[in-house]
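Everything in the sequence shown is counted per the UniProt record's numbering, starting at 1 for the first residue and increasing by one.
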Amino acid sequence: MTSVSSAIGNLTQSITSIAASLVSSFFAVLQAIFALLQNFVGSVLQLAQALVAFFMSLFQGVVGFVAANFFALLLVGGVYYWYTRRQAGSQSSSSKRIT
1 MTSVSSAIGN
11 LTQSITSIAA
21 SLVSSFFAVL
31 QAIFALLQNF
41 VGSVLQLAQA
51 LVAFFMSLFQ
61 GVVGFVAANF
71 FALLLVGGVY
81 YWYTRRQAGS
91 QSSSSKRIT
């Protein structure tokens, strides 16, 4: 009888150990996913900081002033071009010819 109760005790201990290992593995995977997301967000923020520092140093002084105005005019011109093309497209598609 001792061997049966010992076997049942070993089986229960093994099942408990397997369940604890599965739970531990799940939390380890979850922690790895959070660490990956944290590193990704940190890298993106560091990249954005480097780009801001680059453009800040680029647009300093007289050459930077000219370059900033050029890019501002380019941006305004692009928005104006996009807006006029959109308006022309919506007018031609909405007007129907009646014959």
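All residues carry an ideal CB built from backbone N, CA and C; glycine is no exception.
CB of residue i within 9 Å of CB of residue j, strictly
i     : j     : result
Phe71 : Phe65 : no
Simplified DSSP assignment, three categories, for residue i
i     : result
Phe59 : coil
Straight-line Cα distance separating residue j from residue i
i     : j     : result
Leu37 : Ala48 : 16 Å
Val23 : Thr2  : 31 Å
Gln13 : Ala28 : 22 Å
Tyr80 : Ser90 : 15 Å
Asn10 : Gly42 : 47 Å
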